[in-house]
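Trainee: Top line first, the protein sequences correspond to chains A and B. Here our numbering = 1-based position in the first sequence + 10. Here our numbering = 1-based position in the second sequence + 10. By construction, the Cβ of each residue, glycine as well, lies at the ideal position given by its N, Cα and C atoms.
2 protein chains.
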Amino acid sequence: MPVLDFWYEFASTYSYPAAMRVEALAGQSGVTVRWRPFLLGPLFFEAGWRDSPFNIYPVKGRYMWRDLERICDSLSLPFARPDPFPQSTLLVARVALAIEERLRPAFSRAVYDAEFAKGRAIADRAVVAELLSEIGADAEAMLGRAESPENKAALKAVCEEAKVLGLPGAPCFVTESGEIFWGNDRLKAALDWALRGETREEARR
Amino acid sequence: MPVLDFWYEFASTYSYPAAMRVEALAGQSGVTVRWRPFLLGPLFFEAGWRDSPFNIYPVKGRYMWRDLERICDSLSLPFARPDPFPQSTLLVARVALAIEERLRPAFSRAVYDAEFAKGRAIADRAVVAELLSEIGADAEAMLGRAESPENKAALKAVCEEAKVLGLPGAPCFVTESGEIFWGNDRLKAALDWALRGETREEARR
Chain A
11 MPVLDFWYEF ASTYSYPAAM RVEALAGQSG VTVRWRPFLL GPLFFEAGWR
61 DSPFNIYPVK GRYMWRDLER ICDSLSLPFA RPDPFPQSTL LVARVALAIE
111 ERLRPAFSRA VYDAEFAKGR AIADRAVVAE LLSEIGADAE AMLGRAESPE
161 NKAALKAVCE EAKVLGLPGA PCFVTESGEI FWGNDRLKAA LDWALRGETR
211 EEARR
Chain B
11 MPVLDFWYEF ASTYSYPAAM RVEALAGQSG VTVRWRPFLL GPLFFEAGWR
61 DSPFNIYPVK GRYMWRDLER ICDSLSLPFA RPDPFPQSTL LVARVALAIE
111 ERLRPAFSRA VYDAEFAKGR AIADRAVVAE LLSEIGADAE AMLGRAESPE
161 NKAALKAVCE EAKVLGLPGA PCFVTESGEI FWGNDRLKAA LDWALRGETR
211 EEARR
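1) Just how far apart, CA to CA, sit Ala149 (chain B) and Glu110 (chain B)?
2) Just to make sure I have the definition right: I need the residues of chain B whose C-beta is within less than 9 Å of the C-beta of Arg196 (chain A). Which are they?
3) Could you give the C-beta distance for Phe16 (chain A) and Pro159 (chain A), rounded to a whole number, given that I count them as a contact under 8 Å?
4) When DSSP labels each residue in this structure, what does Phe89 (chain B) get in the three-state scheme?
5) Starting from the beta carbon of Val184 (chain A), find every residue of chain B whose beta carbon is closer than 7 Å, and list them in chain order.
6) For a test of the three-state rule: what should DSSP assign to Leu201 (chain A), helix, strand or coil?
7) Out of A:Pro27, A:Glu19, A:Ala204, which one is the CA nearest neighbour of Asp195 (chain A)?
8) Along the segment 41-70 of chain B, what residues have a CB closer than 7 Å to any CB found in chain A?
9) Please list, in chain order, all residues of the same chain as Phe20 (chain B) whose beta carbon is under 8 Å from its beta carbon, the five residues on each side excluded.
10) Kindly indicate the opening and closing residues of the alpha helix (DSSP H) around Val138 (chain A).
11) What three-state label does DSSP hand Val43 (chain A) in the structure shown?
12) For chain B, find out if any of its Cβ atoms is closer than 7 Å to the Cβ of Arg130 (chain A); answer yes or no.
13) Using a 10 Å radius around the Cβ and a threshold of 16 neighbouring Cβ atoms, would you call Val41 (chain A) buried or exposed?
14) Taking the alpha helix (DSSP H) that Phe126 (chain B) falls in, what are its first and last residues?
15) Assuming Arg44 (chain A) contacts Val69 (chain A) (C-beta within less than 8 Å), just tell me the rounded distance between them.
16) As an exercise, report each continuous alpha helix (DSSP H) stretch of at least 4 residues that is fully enclosed by the segment 17-85 of chain A, in chain order.
17) For Asp195 (chain A), which of helix, strand or coil comes out of DSSP?
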């Protein structure tokens with residue numbers, strides 16, 4: 011079964027609908043999703059941005075909020091604009107990286123739901139602990155693991171990997187052959203590409 | 011029949027596939043397209059950009075060129091990367107605005123084809139004259155009209171309209187109810203919205 015890497019950042023607005031629908035669409039296509047949490051901050055820093063481009067460029071920001079509202083409507087996803095925006099996502103990214111792979115999708119969706127559906131403060135340790143408990147994880151043990159030196163270093167390495175790949179933003183979908191598709195609205199194209207990749211390989215066998 | 015405004019800039023890479031497919035898709039949906047040539051330069055200037063963001067931010071540029079190549083492949087559109095990029099589009103934008111409405115789509119497609127399929131210099135007056143002749147227009151008369159003070163002022167007014175609308179880039183599709191959809195990959199969503207708009211209105215009659 012072909013694998014598609016789903017690169018997401020918890021502060022990324024378009025990553026919210028992507029995270030909520032990627033498993034269902036990939037399942038229908040017969041593609042396995044690998045959840046790859048990362049941070050956009052280091053990439054934006056390199057581009058000279060010290061804030062979300064949606065705050066730096068208000069015209070793009072206004073467009074994005076309206077567009078996101080429409081997308082959530084069309085997917086019947088609840089939507090509440092985070093305040094402040096962006097939320098600090100260092101802690102949740104560390105937890106998402108540290109958590110067992112089988113719990114990563116559920117934890118990630120719980121964070122997006124708290125942030126973009128319920129307007130909760132996802133940088134708050136107590137909120138994160140609550141989300142962890144709700145998905146059946148040992149919250150304190152997980153937070154401890156998330157903040158270990160090893161896990162902090164691992165997240166830095168992941169961000170370096172995103173930089174080397176040349177990810178232009180989030181969400182990104184990356185096929186096994188290295189094709190990058192940027193944006194929630196490119197998920198279908200990414201799945202199609204992932205499937206064609208496998209077909210070419212299978213044809214060679 | 012609902013009307014969808016198609017806002018395009020001749021230097022905009024994603025406007026190329028949009029211009030080549032908008033009429034066919036709109037026709038299938040029963041939507042009338044209104045071609046609205048404009049310039050991104052004045053909007054970018056306000057954002058502080060003196061060059062294409064794809065040049066200013068090389069990571070986005072690299073992604074865009076690969077993505078555009080894939081999109082053109084999938085639509086069986088020939089593709090040649092313009093050199094230099096971006097091309098100066100002041101003259102072609104003026105011509106596209108001055109030309110009779112019935113010739114505007116054909117002229118616009120001819121410019122995109124020259125620029126992105128054949129790698130020609132679309133800022134060159136002789137090239138523009140040739141494209142005009144090919145679509146059956148009186149090239150010299152049209153160039154004269156394009157460069158008249160009235161038409162130059164009209165293009166400035168169009169760019170001001172784009173700014174007031176809050177267009178975040180190109181291409182954009184704008185419905186009669188004022189909904190903006192940004193990007194070639196949002197054409198289908200824009201057509202769906204335009205159709206739903208009409209349905210609501212018709213329901214009121």
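Mentor: Quick look at the numbers:
1) 13 Å
2) Asp77, Asp195
3) Contact flag wrong, Cβ pair sits at about 27 Å.
4) coil
5) Residues of chain B passing the Cβ test: none, with the nearest at roughly 11 Å.
6) helix
7) A:Pro27
8) Ala57, Tyr67, Val69, Lys70
9) Pro47, Gln97, Thr99, Val102, Ala103, Ala106, Ser118, Val121, Tyr122, Glu125, Ile132
10) 135-144
11) strand
12) no
13) buried
14) Where Phe126 (chain B) is concerned, there is no enclosing alpha helix (DSSP H), given that its DSSP letter is neither H nor E.
15) About 35 Å; that fails the 8 Å criterion.
16) 25-39, 51-57, 63-66, 68-84
17) helix
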